[in-house]
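Okay, structure first, notes after.
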Amino acid sequence: MTRTGTFTWLLSFGLVLAWMAGAGEGLPAAENKRPPNFVIIFTDDQGYADVGCFGAQGFETPNLDRMAREGRRFTNFVVGQAVCSASRVALLTGCYPQRVSILGALGPRSPVGINQREVLLPELLKPRGYATCIVGKWHLGDHPRFLPTRHGFDEYFGIPYSNDMWPFHPGTNVFPPLPLLHQERVVAVNPDQHYLTTWYTEYAVDFIRRNRNRPFFLYLAHNMPHVPLFVSEKFRGKSKQGLYGDVIMEIDWSVGRILDTLRELQLDRNTLVIFTSDNGPWLSYGNHAGSAGPLREGKGTTWEGGHREPCIMWWPGRVPAGTECREFCATLDLLPTLARLAGASLPEHKIDGHDIWPLISGQPGAKSPWKAFYYYYYGYELQAVRSGRWKLHFPHRYRTLAGEPGRDGLPGPYKIVRTGLELYDLETDVGERHNVADKHPEVVRRLQALAEEARRDLGDSLTGRKGRGVRPPGRVEW
Ligand SMILES: [Ca+2]
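Note that the sequence shown covers residues 289 to 766 in my numbering.
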């Protein structure tokens, strides 16, 4: 679809939007005080250091930096697993990906997707009167039964999986044409990705405007900066760093548009906005990948560069401005935290996240609620466990660059290497460089005991264990 064609299409459903806005006004207000709005901005493969106030070099992110000055930076915030689908399911279910059996990155026509018995964040919020919308990347299954419109989202506009799963992939020709969906309808095939960030932003702003008079949950899941990188002419050539920097600057513009819209509509004092990313940088893409700064490795590993993300939360008057949270917390915590803020009930089944409102609101002395956090990769390999300042890696394989990375959209090669049983003190060694297992045998024993709990509950293919607390994914035949 051409740019003009897509804009024509965008205009053509303006009438539908106007009708929907009118329909929304007739809905009953929440019984009590109106619960807060939530906006989660979730980027794809953005590294820990790819935001100005997290140490970006060669490009600026003035809107994210302002968001941090007016809100709170989280410097010890991780995702559920360092790869797309698994990370997204952890965010939306509050569970480890292993518990809900959504692992890795699902391909087009995946026979597996989100189980209808799982309860996603928008499904929790809807009984409290929320309008719910996802704009951008879904990646929990592209069969109609798995689409967001069947799992609690009133509206969907975006791509159902990764933006490189299309016929123009640089390394494989297995992918079918890439669909852009509105609700469950394909509105473009192999869309011009130069405009994805712009289209998503305009849709998101429109959703906010249409739902200004009721509580809403907006999940803005940008496809960028996942390769292949695309940027509109608004930001092409704007950064000193190159195309990757241009792409982040456009995402930053998008964040500014969202926050400006909330201010203009005087919703800023009733809206919690959270910005973070789904996993660390895809390092084999070289100058088309981001940076994890001081952290080791990137996407697709259990090192901190894969799991730890830049995170900013913003809610003027409720989240203390210009502050930093160094306590450990995770995307899994957002579902229980937002549910509590909305007065919504939690799912009846087990979830893994915790209410972290004391950390978000900056309550004095608030501590991380996590006794232990488990780092899995390659499906069910329990590769590391974290407790407080300590992180213990179990012997496992991981990928690392084999020489020079790729350039300009082509990936370079990885090689597979091994690590032994290694203990790191993340307070003094965030880069996981100095193995101190020999100096702290009691810590190693304590973390090994914690890992046993995870093996019983979630399984561990490294030790041949099946977890008792694992629930099945959804399955379909195409
Ligand atoms: Ca990703």
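Ideal Cβ positions, reconstructed from N, Cα and C, are used throughout, including at glycine.
Rounded to the nearest whole angstrom, the CA to CA distance from F504 to A690 is 46 Å. D338 has its CB no nearer than 7 Å to any heavy atom of ligand 1. At a cut-off of 7 Å, the beta-carbon of D332 counts as near ligand 1: some heavy atom of the ligand is closer than that.
The three-state secondary structure of C613, taken from DSSP, is strand. At least 8 Å separates the beta-carbon of M512 from that of V475. Selection L469, V371, Q529, V543 evaluated against I422 yields L469 as nearest (Cα-Cα). Under DSSP, A618 forms a beta bridge with V366. Spatial neighbours of M601 in its own chain (CB-CB distance under 6 Å, excluding positions within 5 residues in sequence) are listed in chain order as G359, R360, I562, V607, I648. Distance from the CA of T486 to the CA of G335, rounded to the nearest whole angstrom, comes to 21 Å. Ranked by Cα distance from Y491, the first of G610, S542, R387 is S542. With contacts defined as CB atoms closer than 8 Å, A419 and G392 fail to qualify as a contacting pair. Taking a C-beta distance under 8 Å as the contact criterion, N567 and V371 qualify as a contact pair. Taking a 10 Å sphere around the C-beta of F495, we find 16 or more other C-beta atoms and assign the residue as buried. According to DSSP, residue pairing for E443 in a beta bridge involves C421. Shown here, F342 sits in a helix according to DSSP, grouped into three states.
The segment 631-640 makes no contact with the segment 565-581, as fewer than three CB pairs between them are under 8 Å. Exposed is the label assigned to N461, since fewer than 16 other Cβ atoms lie within 10 Å of its Cβ. The alpha-carbon separation between R687 and G417 amounts to approximately 45 Å. With contact defined as three or more Cβ pairs closer than 8 Å, the segment 608-627 and the segment 346-353 are not in contact. Taking the Cα positions, V673 is about 10 Å away from V732. The three-state secondary structure of W570, taken from DSSP, is coil. With a cut-off of 7 Å, the C-beta of C599 is classified as distant from ligand 1, since no heavy atom of the ligand falls inside that distance. Between H431 and Y449, the C-beta gap is not smaller than 8 Å, which leaves the two residues out of contact. Residues of the same chain with a CB within less than 8 Å of the CB of V718, apart from the 5 flanking positions on each side, are P582, L583, E592 in chain order.
Scanning G395, E669, G641, Q651 for the CA closest to the CA of P657 turns up G641.
Per DSSP, the unbroken alpha helix (DSSP H) holding L352 starts and ends at 350-358.
Note that the C-beta distance between L746 and Y662 is below 8 Å. In the three-state DSSP reduction, I639 falls in the coil class, being neither helix nor strand. Your pair I402 and V377 checks out as a contact, with CB atoms roughly 7 Å apart and the cut at 8 Å. Taking non-hydrogen atoms of ligand 1 into account, the C-beta of H514 is found less than 7 Å away from one of them.
Not a single heavy atom of ligand 1 lies less than 7 Å from the C-beta of N511. Shown here, V718 sits in coil according to DSSP, grouped into three states, outside any helix or strand.
DSSP, reduced to helix, strand and coil, places Y483 within a helical segment of the structure shown.
Leaving aside the five residues that flank G382 on each side, the residues in its chain whose CB is nearer than 6 Å to its CB run, in chain order, L620, L623, P624, I639, G641. The closest CA to that of R500, considering only L553, P479, Q651, L517, is found on L553. Here Y668 carries a coil assignment [DSSP, helix/strand/coil].
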